[in-house]
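Residue numbers 546 to 739, in the working numbering, belong to the letters of the sequence shown in order.
For each residue, glycine too, the CB sits at the ideal point set by N, CA and C.
For reference, the structure is listed below as structure tokens.
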Amino acid sequence: MQAFWRKINEHSDIRARYGNEENFNLMLKMLPALAFLPSRDVVIGYIGLRSHTFFVHNETLLQPIFTYFERTYIGHINNGIVVSQPLFAIETWNVYDATINNMGRTNNSVEGWHNAFCRFVGSNHPNIFNFLQKLKEYEALNRALITQISIGSTTRQTRRKYRDLNLRIHTIAITYDPSNKVDYLKRISHNLNF
């Protein structure tokens with residue numbers, strides 16, 4: 546989504562309308578919402594969006610976004626058939642299964658752990674002896690955490706804001722109806738913020 550936002554910001558007329566027109570904003574967010582379709586339906590969903598009145602009326606303005614999106618995420622489409630592969634395979638960026646199974650959709654937790662571990666170590670490039678000592682200390686802390694969890698102690702919870710957002714998106718995803726992709730994408734896009 547960050548890459549999509551950067552692409553919007555590269556084009557001042559798109560950025561202006563995205564920031565000032567609620568419907569333009571909502572409709573444009575339907576493109577990254579394709580990540581919440583089952584992988585097998587992403588290309589069909591994209592073709593459906595491209596034929597939607599909004600995208601047809603704004604085709605000239607949005608052409609750089611379409612080109613970027615096809616080159617990066619969908620692949621070049623000719624007569625409804627993908628004729629060249631995208632930079633990233635759909636299975637790489639698709640989050641439908643992760644959403645249905647209540648799994649993480651981002652690598653934020655990994656980045657959070659990495660930052661916390663770097664702060665714990667206290668240096669980006671410690672010598673080997675300091676690093677090994679810190680690993681032993683970190684292992685002891687994690688063993689204590691595992692013990693706390695095993696006896697039923699509570700751990701740090703996800704912020705309510707994100708928990709509610711994940712629940713809303715999960716609820717929409719489990720009601721996915723392949724015959725109404727545009728409505729589904731619109732409901733997902735109401736929950737995407739960038």
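With a 10 Å radius around its C-beta and 16 neighbouring C-beta atoms as the bar for buried, classify residue i as buried or exposed.
i    : result
M572 : buried
S662 : It is worth fixing the name first, because residue 662 is Phe in this sequence and not Ser. Exposed.
I717 : buried
T605 : exposed
I673 : exposed
Y707 : exposed
N639 : buried
M648 : exposed
K681 : exposed
M546 : exposed
F676 : exposed
F665 : exposed
L594 : buried
H691 : For the sequence presented, residue 691 should be read as Ile rather than His. Label assigned to I691: exposed.
First and last residue of the alpha helix (DSSP H) that includes residue i?
i    : result
G564 : 557-565
D728 : 726-734
I673 : 673-695
F549 : 547-554
R708 : 705-719
Since residue i and residue j should fall inside the 8 Å C-beta cutoff, what is the C-beta to C-beta distance between them, to a whole number of angstroms?
i    : j    : result
P577 : L737 : 6 Å
F739 : T644 : Actually they do not touch by this definition, with Cβ atoms about 17 Å apart.
I719 : I733 : About 12 Å; that fails the 8 Å criterion.
N568 : R560 : Actually they do not touch by this definition, with Cβ atoms about 16 Å apart.
L579 : L730 : 7 Å
E613 : K574 : Correcting the residue identity first, residue 613 is Tyr in this sequence and not Glu. Not quite, the Cβ-Cβ distance comes to about 15 Å (not below 8 Å), so this is no contact.
So, does the CB of residue i fall closer than 8 Å to a CB anywhere in chain B?
i    : result
F739 : The structure shown contains no chain B; it holds only a single protein chain.
Completely contained beta strand (DSSP E) runs for the segment 571-644, where each covers 3 or more residues: 621-623, 626-629
Three-pair Cβ contact test at 8 Å for the segment 589-597 versus the segment 717-732: yes
Contact between the segment 609-617 and the segment 628-641 (3+ Cβ pairs under 8 Å): yes
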